[in-house]
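Student: Residue numbers (the working numbering), protein chains in the order written: chain A, 1 to 336; chain F, 1 to 336; chain C, 1 to 336; chain L, 1 to 336. Virtual Cβ for every residue (Gly too), placed ideally from N, Cα, C. Have a look at this one.
Protein chains: 4
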Amino acid sequence: MRLGMIGLGRMGANMVRRLLRAGHECVVFDLDQAAVEALAAEGATGASSLEEFVAALTPPRPVWLMLPAVVVDRMAEQLAGVLEAGDILIDGGNSHYVDDIRRAERLAERGLHYVDVGTSGGVWGLERGYCLMIGGEPASVAHLGPIFQALAPGKGEIAGTASRKDGRSTAEQGYLHCGPAGAGHFVKMVHNGIEYGLMAAYSEGFNILSRANIGKAGKASDAETAPLRHPEHYRYDLPIADIAELWRRGSVVSSWLLDLTAEVLGRDPDLARFSGRVSDSGEGRWTVATAIDQGTPAPVLSAALYQRFSSQGEDEFARKILSAMRFAFGGHEEKR
Amino acid sequence: MRLGMIGLGRMGANMVRRLLRAGHECVVFDLDQAAVEALAAEGATGASSLEEFVAALTPPRPVWLMLPAVVVDRMAEQLAGVLEAGDILIDGGNSHYVDDIRRAERLAERGLHYVDVGTSGGVWGLERGYCLMIGGEPASVAHLGPIFQALAPGKGEIAGTASRKDGRSTAEQGYLHCGPAGAGHFVKMVHNGIEYGLMAAYSEGFNILSRANIGKAGKASDAETAPLRHPEHYRYDLPIADIAELWRRGSVVSSWLLDLTAEVLGRDPDLARFSGRVSDSGEGRWTVATAIDQGTPAPVLSAALYQRFSSQGEDEFARKILSAMRFAFGGHEEKR
Amino acid sequence: MRLGMIGLGRMGANMVRRLLRAGHECVVFDLDQAAVEALAAEGATGASSLEEFVAALTPPRPVWLMLPAVVVDRMAEQLAGVLEAGDILIDGGNSHYVDDIRRAERLAERGLHYVDVGTSGGVWGLERGYCLMIGGEPASVAHLGPIFQALAPGKGEIAGTASRKDGRSTAEQGYLHCGPAGAGHFVKMVHNGIEYGLMAAYSEGFNILSRANIGKAGKASDAETAPLRHPEHYRYDLPIADIAELWRRGSVVSSWLLDLTAEVLGRDPDLARFSGRVSDSGEGRWTVATAIDQGTPAPVLSAALYQRFSSQGEDEFARKILSAMRFAFGGHEEKR
Amino acid sequence: MRLGMIGLGRMGANMVRRLLRAGHECVVFDLDQAAVEALAAEGATGASSLEEFVAALTPPRPVWLMLPAVVVDRMAEQLAGVLEAGDILIDGGNSHYVDDIRRAERLAERGLHYVDVGTSGGVWGLERGYCLMIGGEPASVAHLGPIFQALAPGKGEIAGTASRKDGRSTAEQGYLHCGPAGAGHFVKMVHNGIEYGLMAAYSEGFNILSRANIGKAGKASDAETAPLRHPEHYRYDLPIADIAELWRRGSVVSSWLLDLTAEVLGRDPDLARFSGRVSDSGEGRWTVATAIDQGTPAPVLSAALYQRFSSQGEDEFARKILSAMRFAFGGHEEKR
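Now the structure itself:
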């Protein structure tokens, strides 16, 4: 099958490579011509303008966007001007699902189909395959089946789930039509919300492990510092990197995120190259905003998100208010 | 009534003053002789040794300790050697209630009585009176009634509670016998836990107000920063100090802590003298530990506590783990 | 001054009464004619249609809406058809501040002014006065000054804040112009967010107090129940209602919410008339959504909100997932 | 190697089986003679008394306890009476690590060695192997190496971690000497704390997915219910079970816990057999208590724990206080 790909960053370029390897043809476009040429050298058909790009595809043209969320609307608008009725626009980036609902409606007015695909896999997707969460009309999604199949991991070596009848859905292949427009990005959004929660759970746990030796140091004990009641309970210098590796094997907390953590700790046990300023990039926020909208309690996912906000320094005035109150009622000066 | 006071720091000294004003006699002792002399000059009887201190009191001697929690046990032990059966030891500091239970048992073996008093009021207690939460045997607590009455605020100008029959308990006077040994510090502990929660609620709210103008600044929008969807919704430069004052009047969130906050913000609207490193000093931790022991959910009080831990930098390894994971699965470099 | 009031529910009717008492004239309208007649009997001018209502006011007509947030837009639209350029529409209900921004723009196109007023005070406002947080153009807000003054508590018996110069703003009177359109409801929104947090802090604290006796009962100790390590530490039957009263006097946690809590506990110490299903009504959600939008950490306010969602049963599937996992890895059956 | 096992419940019995399969000899004891006989039939040596049990072992005798935490002390005491200097007592259950420190000291006074082993693997351990976190003196731990090797999963099919030199530690085999007495259970405790957090992250995410259709139902909109602003955004009937399966393949959130979740959802998509009352059994509480002791923020792990407490109904009085306050300031009646 011949697919057009717009946006040849880390994700888009690797997806093209994975499609080429699977025998599909790809027409590629990016504002950065060097990126286009690089993939052309690997077998894709490069295009130097949107018109050329569209001309190189055959109706119904499948056009996959792999762009930052903020520019998708602009590009969709441009494409709507050059595509034909029946063509299929696919947004594989990290759009907010509410934007998908709106876009699908507007494009439908012009006879265009819209499919939203939440794509998980990061820099590992090229080898490991991409987990695809898909929203849109059944016909469009079905039409793109071969593409999804090539991008997804397939059954591979991952064991089947005993309770499931084989072939009940494509989920076993690593891609799934989740529902109408927006359903793909809705599921991807929640996926990332969970990701935040999982990451936070590990990070808090490893932090507790890393501080298992605080009873060794002579910890200050003044009126501004709660004393450690039993320093003799905190005298362990735990082998953090080995523990991460250990838990990969037979424990209840084994996971892919733990695999990655063991990998990084294996190289840099103190994580000296990191400062601990943790970015967040949209889906975590949207998940919590959705939970609030729904009235669904999400204390863990929220706490995970707030940890990142705090790491970015956004709690400063709040902390100052606390210090100010303590000073006001108890004369407590801040400890330096 | 004649009371002995050991520990003449900010709290102890002011309590002696309040007792003297109410016509009680006080014998005072502290390792810092200057503190003893200062109060002697104000009418107290100074003692230069524990023996002299004990000799100046009449059985059953009421001895009030106003000391850091970590030294109470040592002092109680020393006193047990010089006091007589029937004497009453009062711990008015911030002991863990579990220590009270133990102490009361041990001292009872020697015929001594033990009363624990959680004392709230901070630097304002001298004028405003101290709110006293009391644990111990009824007879000892009753014996100390006049002391409690003098230290507590009394009915004052605070309106009565319509649903309560007047005189139903001493709660209206600002002191209360809460139960057997430890009950006073248990209630005080929870009081402080609530205090942490209240403070955090205000601090988060004021932080949100202080950031109501973030849509004005040209906020960076890169792959590592979630873009502000609607900057036009965040263009308020709110008068924070005035809002604190406003809420004191007729709003649902009026409180003494808010009074103090308005006071500080009135002087220093940007809280420039504070850095935002917030200490915690025992009771907040004990409250949460107790909740966990009990199986009582305490998400708000815990979040308030953790905010302080984070302000002290104790989340550093956790944040590094998060950055490390993000780097591992997505190639995300930390933003500087 | 003559003001028109639309919406004569608990809040609107009492506000009319407070205005009448202060010597203002009120024209009143409500779909419920009985409500109109009741206030007419107390001195207001009743109107039986919007036209009659508008005719009874003199330009520039101040029209105050005290309606459920969901019907404000419809009413504003209707009014825009009968009001004249220069008239002032005031929304004193609980609108989302984003709606204010939009409404102010649309009404301005027709020459109408819009003022948003966050109103705190609940059923106590008639006597205690309403705390008013105001957004809009300076001229309109200034014009309505006498109305705000009458509704607000005024300085009354609440002590001034030492650090503030008297008369620096109207905050001391209990009303404040916070900024342009939406600023009033923004501040009110955060006010309610804080309110949720404060309430949760008290509720968790009182819950811990109420469970101070769990060591008395012979608590089940099976593999599915974490045993109480030290039952002897949990043998207090604490006088909850008295403690609430006590803390009103001289403690750090005194507040109006605590006054109310003491009042209810004074009447019904076990709170037997309540089941514990706690509603939430918009501002709490919006506060957290705003915090997330801003990237401001708000763990305490969020935890308070989620507690309510859980009390409404919205965590059911989440809890089932937990049980399912425990069953899957450990064979744990749920305890009944 | 010949090992004695006391405690033949689900865990102990399967561990004996795994040891027998690996060619080790096991002497087994349990108060339940049927359990002893069952294993004897499978090749173990049954003992009908502690004396018989001890006699069947050769010094230095390795005696593994697989008992509920509450009875370990009693059994250790009994064993200390019949064992000889040099023998090794192993606690493979879920003891609090602080108890290990104490026990190791006391047993050392009698010349006995103590090794604590945190054991993860649940009902799957027989096949999958047990992940073992070990604390104690190096010599004792080294002596037990063959036992640990047999119980642990071994390298198996789990890929190595690229950054680690092979054979750097036994972590790759699934067992690890973490440090002195208590270190094993400390690491296991944190493991379980993380487990709670991971479970909660998934459960909240799946709950949000399960409520993606709430815009379909005509949701009540009264003053006590925050209206759904955009019901058209919540019209997805998501295939939850398929999504769980999907995420196992190539997504960032793949894990063993997700494998199990997919398995249960594959059989019972609505989780109808569960009510959502979630037990907690010690380690989760200890992890959070440890974090508080350390001053380490653990908001996610705590939120996960509190969710369970709430599911057990322990938040009831807190919720009633909230309802009482809302009634007091706003006249709000609870919604039924």
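Measure from the alpha carbon of residue 53 of chain L to the alpha carbon of each residue in L/60, L/28, L/64 and L/43, then state which is nearest.
Tutor: Comparing Cα positions, the closest option is L/28.
Student: Could you say which of C/140, C/264 and C/313 lies nearest to residue 279 of chain C if we only look at CA atoms?
Tutor: The option with the nearest alpha carbon to residue 279 of chain C is C/313.
Student: Are the beta-carbon atoms belonging to residue 287 of chain F and residue 135 of chain F less than 8 angstroms from one another?
Tutor: No, they are not a contact pair.
Student: Just to confirm the assignment, what range does the alpha helix (DSSP H) spanning residue 287 of chain F have?
Tutor: Looking at the DSSP string, the run of the alpha helix (DSSP H) that includes residue 287 of chain F is 283 to 294.
Student: Would you give the residue range spanned by the alpha helix (DSSP H) that residue 247 of chain C belongs to?
Tutor: Its alpha helix (DSSP H) spans residues 240 to 247.
Student: Given a cut-off of 8 angstroms, decide if residue 204 of chain A and residue 197 of chain L are closer than it, judged by their beta-carbon atoms.
Tutor: Yes, Cβ-Cβ distance for residue 197 of chain L and residue 204 of chain A is below 8 angstroms.
Student: I need the boundaries of the alpha helix (DSSP H) containing residue 82 of chain C, first residue and last residue.
Tutor: Start and end: 69 to 82.
Student: Could you tell me whether the Cβ of residue 261 of chain A comes closer than 8 angstroms to any Cβ of chain F?
Tutor: Interface residue, yes.
Student: Given that a residue counts as buried once 16 or more other Cβ atoms are within 10 Å of its Cβ, and exposed if not, what is residue 110 of chain C?
Tutor: Answer is exposed; the Cβ neighbour count stays below 16.
Student: Determine, using beta carbons only, whether residue 88 of chain F and residue 60 of chain F come nearer to each other than 8 angstroms.
Tutor: Contact flag set, yes.
Student: Would you say residue 315 of chain A faces chain F, with C-beta separation under 8 angstroms as the test?
Tutor: Yes - at least one Cβ of chain F is within 8 angstroms of the one on residue 315 of chain A.
Student: For residue 138 of chain L, does the count of other Cβ atoms within 10 angstroms reach 16, so buried, or fall short, so exposed?
Tutor: Classification of residue 138 of chain L: exposed, given that the 10 Å Cβ count is below 16.
Student: Taking a cut of 9 angstroms between CB atoms, which residues from the segment 320 to 336 of chain F lie near chain A?
Tutor: From the segment 320 to 336 of chain F, only 320, 321, 322, 323, 324, 325, 326, 327, 328, 329, 330, 331, 332, 334, 335 and 336 have a Cβ closer than 9 angstroms to chain A.
Student: Measuring straight from C-alpha to C-alpha, what distance separates residue 21 of chain A and residue 146 of chain A?
Tutor: C-alpha separation (whole angstroms): 13 angstroms.
Student: Could you pull out every residue in the same chain whose Cβ sits closer than 8 angstroms to the Cβ of residue 24 of chain A, ignoring the five residues on either side in sequence?
Tutor: The answer, listed in chain order, is 1, 2, 3, 146, 147 and 150.
Student: With a threshold of 7 angstroms on Cβ separation, who are the neighbours of residue 215 of chain F within its own chain once the five nearest residues in sequence on each side are excluded?
Tutor: Correct list, in chain order: 228, 231, 232, 233, 234 and 235.
Student: Any Cβ of chain F within less than 8 angstroms of the Cβ of residue 103 of chain C?
Tutor: Chain F, which has no Cβ nearer than 8 angstroms to the Cβ of residue 103 of chain C, makes this no.
Student: Applying the criterion that 16 or more other CB atoms from any shown protein chain within 10 Å of the CB defines a buried residue, is residue 86 of chain C buried or exposed?
Tutor: By the neighbour-count rule (16 or more Cβ atoms within 10 Å), residue 86 of chain C is not buried but exposed.
Student: Please list, in chain order, all residues of the same chain as residue 357 of chain C whose beta carbon is under 8 angstroms from its beta carbon, the five residues on each side excluded.
Tutor: Look at the range of chain C in this structure, 1 to 336, and you will see that residue 357 of chain C is not part of it.
Student: Taking the alpha-carbon positions, what's the residue 303 of chain F to residue 323 of chain L distance?
Tutor: If you take the alpha carbons of residue 303 of chain F and residue 323 of chain L, they lie about 22 angstroms apart.
Student: Mark residue 43 of chain L as exposed unless 16 or more other C-beta atoms lie within 10 angstroms of its C-beta, in which case mark it buried.
Tutor: It counts as exposed.
Student: Out of A/100, A/93 and A/293, which one is the CA nearest neighbour of residue 284 of chain C?
Tutor: Nearest of A/100, A/93 and A/293 to residue 284 of chain C, Cα basis: A/293.
Student: Are the C-beta atoms of residue 251 of chain F and some chain D residue less than 8 angstroms apart?
Tutor: Among the chains of the structure shown, chain D does not appear; the protein chains present are A, F, C and L.
Student: Should residue 76 of chain A be flagged as near chain F, meaning a C-beta pair shorter than 8 angstroms?
Tutor: It does not: the Cβ of residue 76 of chain A has no partner Cβ on chain F nearer than 8 angstroms.
Student: Hey, out of C/211, C/255 and C/251, whose CA is closest to residue 250 of chain F's CA?
Tutor: Residue C/255 is the option with its Cα nearest to residue 250 of chain F.
Student: At a Cβ cut of 8 angstroms, what residues of the segment 273 to 301 of chain C count as close to chain A, listed as they run along the chain?
Tutor: Residues passing the 8 angstroms Cβ filter: 280, 285, 288, 289, 292, 293, 294, 295, 296, 297, 298 and 299.
Student: Return no unless some Cβ of chain L is closer than 8 angstroms to the Cβ of residue 201 of chain F.
Tutor: Chain L contact via Cβ: absent.
Student: Measuring alpha carbon to alpha carbon, tell me which of A/329, A/290, A/166 and A/334 ends up nearest residue 126 of chain F.
Tutor: Closest option to residue 126 of chain F, Cα to Cα, is A/329.
Student: Assign residue 333 of chain A to buried or exposed, taking buried as 16 or more other Cβ atoms, counted over all protein chains shown, within 10 Å of its Cβ.
Tutor: When all chains shown are included, residue 333 of chain A counts as exposed.
Student: Give the list of continuous alpha helix (DSSP H) stretches no shorter than 4 residues that lie fully inside the segment 163 to 231 of chain C.
Tutor: Within the segment 163 to 231 of chain C, the complete alpha helix (DSSP H) runs of at least 4 residues are 183 to 210.
Student: Is there at least one Cβ from chain A nearer than 8 angstroms to residue 312 of chain C's Cβ?
Tutor: Interface residue, yes.
Student: What distance in whole Å lies between the Cβ atoms of residue 120 of chain L and residue 188 of chain L, which are believed to be in contact at a cut-off of 8 angstroms?
Tutor: Correct: roughly 7 angstroms between the Cβ atoms.
Student: List, in chain order, every chain A residue whose beta-carbon is nearer than 9 angstroms to that of residue 146 of chain F.
Tutor: Under the 9 angstroms cutoff, chain A gives no residues; its nearest Cβ is about 27 angstroms from residue 146 of chain F.
Student: Against chain C, which members of the segment 170 to 197 of chain L pass a CB distance test of less than 7 angstroms?
Tutor: Result list empty, no residue passes.
Student: By how many angstroms is the C-alpha of residue 301 of chain L removed from the C-alpha of residue 201 of chain A?
Tutor: About 6 angstroms.
Student: Since residue 337 of chain A sits in a beta bridge, which residues does DSSP pair it with?
Tutor: Nothing about residue 337 of chain A can be reported from this structure: the residues present for chain A run from 1 to 336 only.
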